[in-house]
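Each residue of the sequence shown is one higher than the one before, starting from 999 at the first, in this note's numbering. Positions of the beta carbon are idealized from the N, C-alpha and C atoms, including for glycine. Scroll down for the structure; my scribbles are underneath it.
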Amino acid sequence: MWEWQLSESEVSDAQRRADSVTLHFSAVTARILGMQAGEGPSAWGYAQGLVLDLHQVQVAQWEGFAAGRIAHGRLFQAGKLVPSLPVPAQESVASVWELRFANGALLVLAAQAWQCRFAGEPRFRESYAC
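As structure tokens, then:
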């Protein structure tokens, strides 16, 4: 099991169809959760190839080119801020996704359900940033 965060993750493509939106992430800020009892999570790093599907979407704001590094990202589920998300995961709960990209674009989506998964192996790398 993994967990990931919106901020500092990177969107390579955003596709909008009828009442759904799919975001393809080239890299996400992530860590591996303990695989065995008593084992803690790994350090934060980057995993590649995450896909996020949002269903029954209402687009509140889609300004500019919604791709690149997410400078500030927030997810609210049932009105509560969610600091990190599990992956793989599937939720059927009202959610609001606010993504402000480094290029200045803003994407705000309200969805009734979502799911995320890795497309293939996540290819995890620990961050060695100072």
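Check                                                                                                  : Outcome
Once DSSP output is grouped into helix, strand and coil, what is the label at Glu1001?                 : strand
Out of Val1019, Glu1006, Asp1051, point me to the one whose CA is closest to Ala1117's CA.             : Asp1051
What are the boundary residues of the beta strand (DSSP E) that includes Gly1043?                      : 1043-1045
Would Arg1029 and Glu1061 be called neighbours here (beta carbons separated by less than 9 angstroms)? : no
Quick check: what's the CA-CA separation for Cys1128 versus Ala1100?                                   : Residue placement at Cys1128 is flagged as unreliable, the pLDDT there being 44, under the threshold of 50; the coordinate-derived value follows with that caveat. Cα to Cα, the separation comes out at about 21 angstroms.
According to DSSP, is Gly1066 helix, strand or coil?                                                   : strand
For Phe1023, which three-state DSSP category applies?                                                  : strand
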